[in-house]
Amino acid sequence: MNTKSVLLAVGVVVIATTLYFFNKSSKTVDSSQQNVEVEEDAPPAAQADFVAPPETVAQGTAVSPEGVTENREKNNTTAIDAMDSEVTPLTMQKFSQHLQFMTKCLGMESRITPPQQAEPTIENIMDQLRPNLGESQAQVHDWTQTEIVGKDGVRRRVRVDYDYSDETAEPARRLSMYQMNAYGMPEIVQLTPDQMDNPNEAYIHSLIEGNKVVVEESAARVYFANGEEMIFSIRNGNINGLSVTKGLRSFNCQNLDEDRSACSCP
C-alpha cells in the first residue's frame, strides 16, 4: 500500500471517529434537555405534598379555656335577648302558610282564611280547628317550665310536671329544679320530698320571684268530641310545638315561633 492510501485511510478513520463522538455528545445534551422539560411540566414537590407547619395549625385552631368561657357567656346573653324579642314578620308569614297546610293535611275545610301574617298563637289554631272539630271537650296540662337568671348570674329552671294517675283527685304537682353549669348543661338541684311532691303554688312562686324570667314554657293537650287530639307547647306566649291527630292523619310542627319553623304531614 502506498503512502497516499495509508494517509487516506487514516483520514477516514479520524473523520468517522469525530462524527461518532459528536453525535453521541449531541444525544446526551438532548436527553438532558428532555429531563429538564419533564421536571418543569410536573407539579412542584412543595405544592404536591404541602403540610402546614405545626405552629400555623395551632394558631388557627387552638382556643384557650378562658376563650371558651367568654364565648359561652356571649352566647347566653344573645340567647336571652332573642327570647325577649317578638316574632318576626317572616315567622308570622310562615305560620299563616302552616295553618293552610294543616287544614289540607287533616282533610278539613278552610272556612276561615288566615291573614298573610298570623301570630303563632293557640287562638289562631283554634280558629281553624273549631269550624271542623267543634269546641274542645277537655284540656290537660302536662308541664310548665320557667327559666330564670338569679342575681348571682346563674341560670336555673323551675319545672312542674302534672300527675293524673289518681283520676278521683286533682292532678298532683311534681317539682324539679335545674341549674345550668359552666358548659350550659342542666344539673339537677336536690330538693326535699316535701318540696318535690305536690308543693303549693306559693312555694313555686317563691322560687321564681325576684329573678329575671327569660323563658316561660308550658305544654298541654286538648281533646275534641270525636276523639281528635291536639298536643301543643307554648314558649313566651307563642305556640312553639304542635301535633294534631284526626283519625289516621297527623299534622306535626316544630319551632313555630321562629323563622325556621317546619311542619310535616306524614
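Throughout the sequence shown, residue numbering follows our numbering, covering 1 to 266 in sequence. Every residue, glycine too, gets a C-beta built ideally from N, C-alpha and C.
Local conformation of residue i per DSSP, three classes
| i | result |
| --- | --- |
| L133 | helix |
| M92 | helix |
| I148 | strand |
| L248 | coil |
| A225 | coil |
| P115 | coil |
| C105 | helix |
| D166 | coil |
| L193 | Going by the sequence as given, residue 193 is Pro instead of Leu. Note: P193 maps to helix in three-state DSSP. |
| Q254 | strand |
| M177 | strand |
| E123 | helix |
| S110 | coil |
| A182 | coil |
| S206 | helix |
| L8 | Interpretation of L8 is limited by its pLDDT of 46, a score under 50 that renders its predicted location unreliable; the figure taken from the coordinates is listed afterwards. DSSP places L8 in helix when its eight states are reduced to three. |
| E187 | strand |
Selection from the options that minimises the alpha carbon distance to residue i
| i | options | result |
| --- | --- | --- |
| T270 | Y223, S250, Q139 | For residue 270 there is no data in the structure shown, the boundaries of the chain being 1 and 266. |
| L248 | E228, E135, D163 | E228 |
| N181 | N198, R156, Q93, M126 | R156 |
| K212 | V244, E147, Y203 | E147 |
| G153 | C253, I231, G210 | G210 |
| M230 | P115, Q100, I125, Q97 | I125 |
| T192 | Q117, R174, Y183 | R174 |
Cβ separation of residue i and residue j, assumed to be a contact under 8 Å, to the nearest whole Å
| i | j | result |
| --- | --- | --- |
| S233 | E217 | 6 Å |
| V222 | Q139 | 5 Å |
| I208 | V158 | 6 Å |
| Y178 | I188 | 6 Å |
Span separating the alpha-carbon of residue i from that of residue j
| i | j | result |
| --- | --- | --- |
| F95 | D194 | 43 Å |
| D142 | T113 | 31 Å |
| R111 | Q128 | 7 Å |
| K151 | Q190 | 20 Å |
| L242 | A262 | 10 Å |
| V214 | M196 | 23 Å |
| A169 | P199 | 15 Å |
| N255 | D166 | 33 Å |
| V149 | D161 | 21 Å |
| Q97 | M185 | 35 Å |
| C253 | E201 | 31 Å |
Same chain, Cβ closer than 8 Å to residue i, neighbours up to 5 away in sequence not counted
| i | result |
| --- | --- |
| K246 | L106, G107, M108, L133, E228 |
| Q137 | Y223, F224, A225 |
| D257 | V87, T91, P120, R235, N236, N238, I239, N240 |
| D259 | T88, L90, T91, K94 |
Cβ neighbours of residue i in the same chain (closer than 6 Å, five flanking residues each side left out)
| i | result |
| --- | --- |
| Y164 | P171 |
| C265 | C105, F251 |
| I176 | The sequence shown places Ser at residue 176, rather than the Ile named in the question. Excluding residues within five positions, the ones whose Cβ falls inside 6 Å are R159. |
| P131 | R111 |
| A219 | D142, W143, S233 |
| I122 | I239 |
Residues of its chain near residue i, where Cβ-Cβ distance is below 7 Å and the 5 sequence neighbours each way are ignored
| i | result |
| --- | --- |
| Q117 | P89, M92, Q93, S96 |
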